[in-house]
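Residue numbering for the sequence shown follows numbering that gives the first Met the number 0, starting at 0 and increasing by one per position.
For glycine and all other residues, C-beta sits at the position ideal for the given N, C-alpha and C.
Source: prediction; values computed, not measured.
What follows is one structure encoded as structure tokens, with my remarks underneath.
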Amino acid sequence: MIGHELEANGLDKRQPIWGIILMVAILGWGFYLADEVPKLPMFLTAGLIIGYSLTRSRFGFAGGVKRTFYRGESSLAVALILLFTITAIVNIGIQWAAASKGALPAWEVTNATQSVIPGTQNVRIGNLSVIIGAFIFGMGMIMAGGCASGTLSDFGEGEGHAWIALPFFVLFAAPGQYLGYQLDNTAIGKIGINAWLPEYLGFGGAIAATLVIMLLLYVITKRYENRKKQRGAYLDAKGDWLDFEKPLQDDGQPVNFFSWRTYHKFFVERWTFITGAVGIAIGAIFVLTTTGKAWGVTTAFVTLDQKFFGLFGLNFTSPAFDETAEAMKGSLLADGGTVRNIGLVLGAGVAFLMAGRFKMKFKMNFRDFSGFAVGGALMGLGSRMARGCNIGALYSGITNFSVHGYIFMIFLILGAAFAIKLFEGRIALCPTYRDDATPKTNLTATD
């Protein structure tokens, strides 16, 4: 029955079997990791939660900018604001409780006996490195069709643009780390804003200020959407949902656990962006509470890049790479960040396999290939210059009350807008757009 319905919707009825096999394999790998390093299954679990949530809801941080511009509707942008709000509220409680027990911000800790306030590792100066890095990263995510987390989830879904962008992303991560370090240590690189809101406003003031900013962003976003509606450049929030992703009509039949309706609800039906935001928030909060550090993606890319270059006898001895020195001492699969990233890819893969919709998509011309590759390279450079991507610098920066997160956000949006204007109609993921008419595009959120 379920197999027949999958086929009737153009889905592959064999894939759920492979999805179950993959889940069993993941479980086995989790037990293996627990024997090797007991904390690693926590990293794997977080990655699975986040990857599954990203894919089931077609959620994407890059899409928050691109979807709003092209489709004129703000459902994903609003979900992102909700994601930031939920995470910030939980994080302030975690940080406040830790501080009340004597924990210190990361930059004040001088010895191993002192406790660190979770998440303060993501507080840094908002300087020229952040500005340039955010702008470059914003361009790259538009060209490549996703940010760091989006590229990983798209990779797990079989999207060709991600399979091209990811290697270049990783390849340019270490050079970006080095460039950022060099710029930080120049006279101009030392100019910037280095502020952790609780230090200036107290914990209550920090969360109040953050909520006010989120409210302002919501108002700005909805006004932009209303302007698009008035110009006739607005598309319905669910207008790009495929037929099989939509909720099934209630047929009045009793609930049957083994029915197509139940299977569709659990594994095929697309989650709303709001549901996805809640799932991702759960994953990110899980990361902070189990590791004492906020979610990040691209530091693990630097480790992978160093390992790759090491195969050719190239070693990185600059102080720029001090934060990856510990990970470099062991196997990649003993590095928590790498395991979490793999978990994210696997979570996305499981989501598509259980829905019977996994497919490798490599239909592209050389221009598109070049755009994906250059986009990946720009993201590698930009993310590490800024010491973080949409996750480490933007999401984990803002939700851990670092002012540099807002600086990153501003220049990220500017970089993305610049890339859209520069490349529209020239590469596949930047179709031609007219602001005075309904845009002819079926971009998904993660594109």
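CB contact check: residue i to chain C, cutoff 7 Å
i, result
"residue 36", "The question asks about chain C, but that chain is absent: this structure has only one protein chain."
Residue nearest to residue i in terms of C-alpha spacing, selected from the options
i, options, result
"residue 371", "123, 427, 226", "427"
"residue 9", "243, 144, 196, 232", "243"
"residue 179", "365, 379, 396", "379"
"residue 5", "357, 394, 404, 88", "357"
"residue 164", "142, 137, 184, 90", "142"
"residue 391", "377, 376, 407", "407"
"residue 198", "425, 415, 294, 402", "402"
"residue 33", "337, 333, 184", "333"
"residue 158", "169, 145, 11, 395", "145"
"residue 61", "430, 416, 420", "416"
"residue 245", "68, 233, 260", "260"
"residue 113", "121, 98, 122", "98"
"residue 367", "297, 425, 30, 184", "425"
"residue 59", "202, 276, 190, 174", "276"
"residue 342", "151, 397, 281, 220", "151"
"residue 47", "29, 36, 241", "29"
"residue 148", "360, 119, 115, 375", "375"
"residue 186", "126, 65, 365, 217", "126"
"residue 283", "201, 53, 307", "53"
"residue 395", "122, 68, 1, 15", "122"
"residue 155", "136, 7, 359, 412", "359"
"residue 37", "222, 338, 344", "338"
"residue 285", "239, 118, 322, 68", "118"
"residue 315", "222, 136, 174", "174"
"residue 15", "373, 266, 279", "266"
"residue 162", "411, 413, 362", "362"
"residue 124", "221, 189, 324", "189"
"residue 229", "411, 72, 20, 17", "72"
"residue 389", "217, 56, 93, 138", "138"
"residue 35", "238, 330, 298", "330"
"residue 55", "353, 412, 328, 413", "353"
"residue 345", "130, 21, 11", "21"
"residue 281", "31, 84, 66", "84"
"residue 64", "258, 340, 224, 323", "224"
Bridge partners - residue i, DSSP secondary structure assignment
i, result
"residue 390", "Residue 390 is not bridged to any residue."
"residue 115", "103"
"residue 125", "192"
Element boundaries [alpha helix (DSSP H), containing residue i]
i, result
"residue 197", "196-229"
"residue 6", "1-7"
"residue 55", "39-56"
"residue 36", "Careful: residue 36 lies outside any alpha helix (DSSP H) and carries neither H nor E."
"residue 260", "259-262"
"residue 304", "297-309"
"residue 420", "403-422"
"residue 287", "272-290"
"residue 69", "62-70"
Legend entry - In chain order, each alpha helix (DSSP H) run of at least 4 residues that lies wholly inside the segment 311-381: 324-327, 335-353
Inset, instruction - Specify whether the segment 373-389 and the segment 106-118 touch according to this definition: at least 3 beta carbon pairs, one from each stretch, less than 8 Å apart. - result: no
Inset, instruction - Give a yes or no on contact between the segment 36-47 and the segment 285-300, applying the rule of three or more CB pairs nearer than 8 Å. - result: yes
Legend entry - Complete beta strand (DSSP E) runs within the segment 154-193 (minimum length 3 residues, chain order): none
Inset, instruction - Please determine if the segment 20-27 and the segment 333-352 are in contact, where contact requires at least 3 C-beta pairs separated by less than 8 Å. - result: yes
Legend entry - Cβ pair count under 8 Å reaching 3, the segment 305-320 against the segment 269-285: no
Legend entry - Cβ contact check for the segment 86-94 and the segment 205-214: 3 or more pairs under 8 Å: yes
Legend entry - the segment 65-83 in contact with the segment 297-304 per 3-pair CB rule at 8 Å: no
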